[in-house]
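To convert a position in the sequence shown, counted from 1, into my numbering, add 4.
What follows is a short report on a single structure.
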Amino acid sequence: MMDTLAAKAAAAGYTALEGYYYPTAKNAMVREFYAGYGFEKTAEDADGNTTWRLDLAAYNPRCPHIKIET
5 MMDTLAAKAA
15 AAGYTALEGY
25 YYPTAKNAMV
35 REFYAGYGFE
45 KTAEDADGNT
55 TWRLDLAAYN
65 PRCPHIKIET
């Protein structure tokens, strides 16, 4: 899904995606999600909430064997 999101955003003229991680018990399982997809951490507050940014020009698809067709 991230590959499709990145491709569609780039095709629409966007240059980056931004995401937020809030460290809760429910979110612990996705703690490394953004880093795993090549996002760079751009901010972290005192509570551990983080902001992440993905430069779409530098994105490398992670799952080329899955494709969404319309």
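We put the beta carbon where it would ideally sit given N, CA and C, even for glycine.
For Ala16, the three-state secondary structure derived from DSSP is coil. For Leu60, no pairing in a beta bridge is given by DSSP. The beta carbon of Tyr26 is closer than 7 Å to those of Asn53 in its chain, skipping five residues each way along the sequence.
According to the DSSP secondary-structure assignment, Leu21 is paired through a beta bridge with Leu58. Nearest in C-alpha terms to Thr19, of all of Arg66, Cys67, Thr74 and Ala62, is Ala62.
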